[in-house]
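So the structure is just underneath, and the comments pick up after that.
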Amino acid sequence: MAPVSTNIKIDPELKEQSQALFESLGLSMSTAINMFLRQAVREQAIPFRVGNPLPNLETLRAIEDARKGTGLSRGFSSVAELMEDLNADD
Numbered sequence: 001m002a003p004v005s006t007n008i009k010i011d012p013e014l015k016e017q018s019q020a021l022f023e024s025l026g027l028s029m030s031t032a033i034n035m036f037l038r039q040a041v042r043e044q045a046i047p048f049r050v051g052n053p054l055p056n057l058e059t060l061r062a063i064e065d066a067r068k069g070t071g072l073s074r075g076f077s078s079v080a081e082l083m084e085d086l087n088a089d090d
């Protein structure tokens, strides 16, 4: 099947940086984009994790509390002990 042209709009700085990267890998922009598209179709998904890698403020506070050992629930040495605590009328 003959290739077709597609126009996309990207930030000029991103284009420059990505072209430099792809060149260093011996790839053209077209080849790199085709690799991405083929992988996405193969996996039926975006071929990398999409999301915010930084935890939100609530999670950061929980991580800090865990590091400090504050706000943690107490441990139980048996299921029976756990059940007793859960059923207690506090």
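Numbering follows my numbering, with no gaps: position 58 of the sequence shown is 58. Beta carbons are placed, not taken as given, at the ideal position from N, Cα and C, and that holds for glycine.
Open item on the list: Taking only three categories from DSSP, how would you classify M1?
Closed with: coil
Open item on the list: Which runs of the alpha helix (DSSP H) at least 4 residues long sit entirely within the segment 28-72? Give them in chain order.
Closed with: Within the segment 28-72, the complete alpha helix (DSSP H) runs of at least 4 residues are 29-43 and 57-68.
Open item on the list: So for K9, helix, strand or coil by DSSP?
Closed with: coil
Open item on the list: Can you tell me where the alpha helix (DSSP H) holding D85 begins and where it ends?
Closed with: V79 to N87
Task: Between the CA atoms of G75 and N56 - distance to the nearest angstrom - done: 27 Å
Task: Three-state class that DSSP yields for F22 in the structure shown - done: F22: helix per DSSP, three-state reduction.
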